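Structure first, commentary second.
Residue numbers (the numbering used here), protein chains in the order written: chain D, 9 to 234; chain B, 548 to 730.
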């Protein structure tokens, strides 16, 4: 029987199409379970947030585990150093713990989380600014020492790539850097970047346009010289 | 559209950050401008390179576990740690200033309720230990204020407020003809 039924479903806040024709039903069943999984994950996060803001440290520990990788990669992108990223991420989570009771809307947690990391990174780098920093430190030398399995040539190539990334970002203003990192490297939408950085979308776009021009000019020059 | 002005639009167009109308304008310009098409390619390449460099850098690091360290630092924080936003401090400061202002300006405030007739009564309190300059001469009970109203106007009830500081002496006239005079 080749019957096709089109049913528009509102399951777990999403719409779908059910077509009964052999394996098509299986696809939809998987889609429902994926949506259900996403919803369960959100429910779990809301529960953790509620418990953590009430002072439940076990819940806050689980929250850290859930977000620490994201925090560390974002902090690393700002600072260029694993050691600095660890300090920044720790400070950010301490601030989160202090201010979590003030979070009224759990849906805004992700924006808030990013904002805390960005501000912690800016504060850390501002304090560090006047300390002399070698290019090696900028390139995250210890990041490569942590992974000792690279062959010397590959390590050199990787290190140059690493160095080039952070040199490209170093030429940006703090606002341009934040916009570029959140939008281009972290994958947030422009609207989300605007919410995180507390600026208008057109302002974010201006920073993105200027930042991208600087990066483009740097990379074009760097690759021409090679 | 001018090619010079196009560059910032191209930087946004390369990553889909332009609005629909603006994107259409850029697309239309690109059809007829090989330089801008070349520039767009540079932007697209640069973005791809940046992302590749970023992924490469991330793949080389061993992110440490920070949960135990953070929880250890939190356990050292004093319990019931209260974080007060600077706005609360500002509001508390303004409220304190307002309360102090009200207390200051009403200090020595005296309210008098005059008799319904033409008499004006002034109830004076014994002044606190203040200098002579600061003492306000009180009207005699029997004295009647000079009529300041038109003959046809009804007699006002007068409430006189006397402050001990000479700067503020305000007389309110209530009821039928509100009139304010400032001595």
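Each residue gets a CB set at the ideal place from its N, CA and C atoms; glycine is no exception. Bear in mind the structure is a predicted one, so any value in this text is a computation, not a measurement.
| query | result |
| --- | --- |
| Determine the chain D residues that contact residue 573 of chain B at a beta-carbon separation under 8 angstroms, and present them in chain order. | Within 8 angstroms Cβ-Cβ: nothing; residue 573 of chain B doesn't reach chain D, min ~12 angstroms. |
| Pull up the CB-CB distance for residue 108 of chain D and residue 60 of chain D, whole angstroms please, since I reckon it's below 8 angstroms. | 6 angstroms |
| Please list, in chain order, all residues of the same chain as residue 54 of chain D whose beta carbon is under 8 angstroms from its beta carbon, the five residues on each side excluded. | 114 |
| Do you know offhand how far residue 566 of chain B's Cα is from residue 217 of chain D's? | 14 angstroms |
| Going by other Cβ atoms of all chains shown within 10 Å of its Cβ, with 16 needed for buried, is residue 613 of chain B buried or exposed? | buried |
| Establish whether the CB of residue 142 of chain D and some CB of chain B are separated by less than 8 angstroms. | A caution first: residue 142 of chain D carries a pLDDT of 49, below 50, which makes its placement in the model unreliable, though a value can still be read off. No, because no Cβ of chain B sits closer than 8 angstroms to the Cβ of residue 142 of chain D. |
| Quick check: the Cα distance between residue 558 of chain B and residue 213 of chain D, rounded to an integer number of angstroms? | 9 angstroms |
| Just to confirm before moving on: does the CB-CB distance between residue 85 of chain D and residue 189 of chain D stay below 8 angstroms? | yes |
| Please report the straight-line C-alpha distance between residue 589 of chain B and residue 82 of chain D, rounded to a whole angstrom. | 26 angstroms |
| Let me know the secondary structure DSSP gives residue 624 of chain B once reduced to three states. | coil |
| Take residue 71 of chain D and list the residues in its own chain whose beta-carbon comes closer than 6 angstroms to its own, dropping the five residues that flank it on each side. | 56 and 60 |
| Are residue 219 of chain D and residue 185 of chain D closer than 8 angstroms when you measure CB to CB? | yes |
| Could you confirm whether any beta carbon from chain B is found closer than 8 angstroms to the beta carbon of residue 133 of chain D? | no |
| Of the choices D/129, D/169, D/176 and D/207, whose alpha-carbon is the least far from that of residue 80 of chain D? | D/129 |
| Residue 562 of chain B and residue 594 of chain B - do their beta-carbons sit closer together than 8 angstroms? | yes |
| Are the Cβ atoms of residue 200 of chain D and residue 77 of chain D separated by less than 8 angstroms? | no |
| Would you mind stating whether residue 95 of chain D and residue 611 of chain B have Cβ atoms separated by less than 8 angstroms? | no |
| Answer yes or no: do residue 601 of chain B and residue 104 of chain D have a C-beta to C-beta separation smaller than 8 angstroms? | no |
| Is DSSP giving residue 206 of chain D helix, strand or coil here? | coil |
| Smallest Cα separation from residue 87 of chain D: which of D/210, D/126 and D/225? | D/126 |
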